[in-house]
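Undergrad: Mind having a look at this structure? Questions to follow.
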């Protein structure tokens with residue numbers, strides 16, 4: 001039904017994305033605040049704009065509000081407002097209605113970069129595969145919450161207050177990115193969408209996947225909700241210069257796209273098949 | 001929290017609106033199909049654009065889907081697609097997720113008319129108050145469904161497949177409309193929003209309120225979900241010419257705005273206070 005990219009590109013180059021967060025599916029109010037949910041609802045939509053190399057322009061939000069707990073609307077609105085200020089994406093309108101569970105649906109309009117929106121389908125053989133930041137922290141925090149354990153330092157924040165990589169998306173587009181996606185379902189699954197869309201294979205190196213202390217390779221490959229960007233580009237030097245020019249850390253180089261459809265993960269000199277199996281929906 | 005108009009007007013004049021339909025709040029699948037819900041979700045958003053005198057450009061939809069009944073997603077999508085074709089508002093993207101009840105949230109981007117978007121707050125003393133079409137049919141159908149009775153001819157369709165008055169909104173803007181709103185909560189309530197926003201009073205004539213056969217004045221004043229347009233304009237002749245030029249029936253003239261805050265309804269020569277009490281949410 002839907003055009004399969006992070007955001008739709010309209011005739012005049014503007015971008016349009018929507019994502020809904022549903023209680024019990026995408027979040028659990030035992031593990032995060034209603035303000036966190038508001039923040040995240042705007043963040044994941046801005047992340048879709050970032051994944052096109054774009055800049056958010058404005059957002060609207062529709063809230064479905066249960067009767068309990070009281071004050072929910074104000075808390076969600078406060079989180080939305082914080083995120084709107086942080087991402088320079090004003091919230092210009094919305095709708096509130098009653099309903100059985102909290103649902104926060106945001107839609108964002110954005111601008112494409114001058115070089116044109118970066119789709120999922122442009123990766124070519126010999127392109128380098130990149131990823132920004134560090135992966136797996138959101139998964140580590142979620143696992144800790146589920147086990148009733150203390151979350152390792154810094155991980156809870158990554159889970160409940162993801163930051164869309166807007167500057168990195170713009171730098172990637174400026175550096176010649178051929179395909180890009182944000183990591184919501186896990187690196188393996190989301191890189192898989194680029195490979196599916198582009199009709200290429202890949203060989204990535206496990207040790208090259210950037211992850212924080214205490215994060216397993218599995219968590220980094222299959223843990224969702226990181227909202228870092230994965231992209232491909234023909235010239236790594238041009239990418240590095242674009243990131244440096246923007247004052248950003250250089251993205252990690254994971255490996256290279258290959259002609260064909262095979263997907264390889266190299267760990268300790270051993271090549272194994274890279275499964276695209278992410279997790280379906282984290283419940284932070 | 002939100003800017004209180006049908007749609008937000010952005011810096012470049014583009015319009016942005018969102019509305020959610022929630023099962024058990026806005027609709028009941030005993031009385032309408034899932035395709036009707038898809039249609040209506042796009043229709044009410046396009047109606048918000050119509051109420052600004054605008055033209056819809058593109059829409060996105062986010063669906064929250066319960067496990068039962070099967071096939072729900074396809075049915076909703078079919079209704080959305082029908083409406084998208086009918087209103088020339090392509091559905092460019094979306095999101096689907098699981099959840100406890102069906103929620104369909106649509107966001108629409110539109111274009112303002114050349115003369116600028118028509119807000120709710122521009123009505124002035126001596127402006128004439130207009131309404132398009134006929135009111136009350138959706139309320140009559142809903143009452144019949146609730147009573148387990150046959151719906152009078154033509155009323156069910158008005159309830160489940162409302163048509164945004166896009167051409168009328170454009171004609172009203174071209175004819176100098178000073179304030180406009182679509183009728184979702186009932187004429188009295190929605191006209192009340194114009195009066196609140198504009199700081200004027202009104203005197204309208206009950207007999208002038210257009211209603212179909214079998215529709216009481218109460219149903220026409222307080223019944224929601226009609227999605228006709230109510231607007232004000234200084235020169236009724238200019239409005240009539242704009243509607244004629246667009247090949248549309250002339251809108252009904254209900255009365256006149258007055259300085260001050262008093263709201264009068266004249267019925268049979270007797271003046272009584274016009275309550276703004278609409279209904280909160282019809283459940284068709």
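Protein chains in written order, with this note's numbering: chain A, 1 to 284; chain B, 1 to 284.
Quick reminder that beta carbons are idealized off the backbone N, C-alpha and C, glycines included.
1. Of the residues B/25, B/65, B/92 and B/240, which one's Cα is nearest the Cα of residue 131 of chain B?
2. Can you find a CB in chain A that lies within less than 8 Å of the CB of residue 55 of chain B?
3. Mark residue 45 of chain A as exposed unless 16 or more other C-beta atoms lie within 10 angstroms of its C-beta, in which case mark it buried.
4. Can you find the residues in the same chain that come closer than 6 Å, C-beta to C-beta, to residue 133 of chain A, ignoring five residues on each side of it along the sequence?
5. Exposed or buried, which one is residue 56 of chain B when buried takes at least 16 other CB atoms within 10 Å?
6. The alpha helix (DSSP H) that contains residue 38 of chain B, what's its start and end?
7. DSSP on residue 100 of chain A, reduced to helix/strand/coil?
8. Please determine if the stretch 170-183 of chain A and the stretch 57-68 of chain A are in contact, where contact requires at least 3 C-beta pairs separated by less than 8 Å.
9. Give a yes or no on whether 8 Å exceeds the smallest Cβ distance from residue 214 of chain A to chain B.
10. Any beta carbon from chain A within less than 8 Å of residue 95 of chain B's own beta carbon?
11. Are the stretch 95-107 of chain B and the stretch 25-32 of chain A touching, with three or more C-beta to C-beta distances below 8 Å?
12. Closer than 8 Å, Cβ to Cβ, to anything on chain B: give me those residues from the stretch 24-48 of chain A, in chain order.
13. Can you pull the chain B neighbours of residue 50 of chain A, defined as C-beta to C-beta under 8 Å?
14. Check distances from the C-beta atoms of the stretch 96-119 of chain B to those of chain A and list, in chain order, the residues that come in under 7 Å.
15. Are residue 198 of chain A and residue 121 of chain A touching if we call contact CB-CB under 8 Å?
16. Roughly how many angstroms lie between the CA atoms of residue 172 of chain B and residue 68 of chain B, to the nearest whole one?
17. Residue 112 of chain A lies in the alpha helix (DSSP H); which residues open and close that run?
18. Give every residue of the same chain whose Cβ lies closer than 6 Å to the Cβ of residue 192 of chain B, excluding the five residues on either side of it in the sequence, and list them in chain order.
19. Beta-carbon within less than 6 Å of residue 266 of chain B's beta-carbon, same chain only, minus the 5 sequence neighbours each way: which residues are those?
20. Is the stretch 205-217 of chain B in contact with the stretch 9-22 of chain B, if contact means three or more CB pairs nearer than 8 Å?
21. Residue ranges of each alpha helix (DSSP H) run of no fewer than 4 residues wholly in the stretch 154-185 of chain A, ordered along the chain?
22. With 16 as the cutoff for other CB atoms within 10 Å, does residue 269 of chain A come out buried or exposed?
TA: Reading from the atomic positions:
1. As a first step, residue 131 of chain B is located in the second chain; it is residue number 131 there, counting from the start. Checked all of B/25, B/65, B/92 and B/240; the closest Cα to residue 131 of chain B is B/240.
2. For the purposes of this step, residue 55 of chain B is taken as residue 55 along the second chain, with counting starting at 1. Output row for residue 55 of chain B: interface = no.
3. Counting from 1 along the first chain, the entry for residue 45 of chain A is found at position 45. Per the 10 Å Cβ criterion, buried.
4. Along the first chain, read from residue 1 onward, the residue named residue 133 of chain A stands at position 133. 228, listed in sequence order.
5. As a first step, residue 56 of chain B is located in the second chain; it is residue number 56 there, counting from the start. Classification of residue 56 of chain B: buried, given that the 10 Å Cβ count is 16 or more.
6. Position 38 of the second chain, counted from the start, is the residue given in the question as residue 38 of chain B. Annotation for residue 38 of chain B: the continuous alpha helix (DSSP H) segment containing it runs 34-50.
7. Numbered from its first residue, the first chain carries residue 100 of chain A at position 100. Three-state DSSP puts residue 100 of chain A in coil, outside helix and strand.
8. no
9. Walking along the first chain from the start, residue 214 of chain A turns up at place 214. Closer than 8 Å: no.
10. Against the second chain, residue 95 of chain B aligns to sequence position 95. Yes, contact with chain A.
11. Because the criterion of three Cβ pairs below 8 Å is met, the stretch 95-107 of chain B and the stretch 25-32 of chain A touch.
12. 24, 25 and 26
13. The residue given as residue 50 of chain A occupies position 50 in the first chain. Those do not exist, as residue 50 of chain A stays about 16 Å from chain B at its closest Cβ, beyond 8 Å.
14. Within the stretch 96-119 of chain B, 97, 98, 99, 100, 101, 103, 105, 107 and 109 place their CB atoms closer than 7 Å to a CB of chain A, listed in sequence order.
15. Walking along the first chain from the start, residue 198 of chain A turns up at place 198. Walking along the first chain from the start, residue 121 of chain A turns up at place 121. Result yes, Cβ atoms of residue 198 of chain A and residue 121 of chain A sit closer than 8 Å.
16. The residue labelled residue 172 of chain B in the question sits at position 172 within the second chain. The residue labelled residue 68 of chain B in the question sits at position 68 within the second chain. In a straight line, the C-alpha of residue 172 of chain B is about 43 Å away from that of residue 68 of chain B.
17. Here residue 112 of chain A refers to the residue found at position 112 of the first chain. Counting along the chain, residue 112 of chain A falls outside any alpha helix (DSSP H), and DSSP gives it neither H nor E.
18. Residue numbering aside, residue 192 of chain B sits at position 192 when the second chain is read from its first letter. Same-chain partners within the cutoff: 276.
19. Here the question's residue 266 of chain B lines up with position 266 in the second chain. 205.
20. Taking a contact to require three or more Cβ pairs closer than 8 Å, the stretch 205-217 of chain B and the stretch 9-22 of chain B do not qualify as touching.
21. Listed in chain order, the complete alpha helix (DSSP H) runs (minimum 4 residues) inside the stretch 154-185 of chain A are 155-160 and 166-174.
22. Translated into the one-based positions of the first chain, residue 269 of chain A becomes position 269. Per the 10 Å Cβ criterion, exposed.
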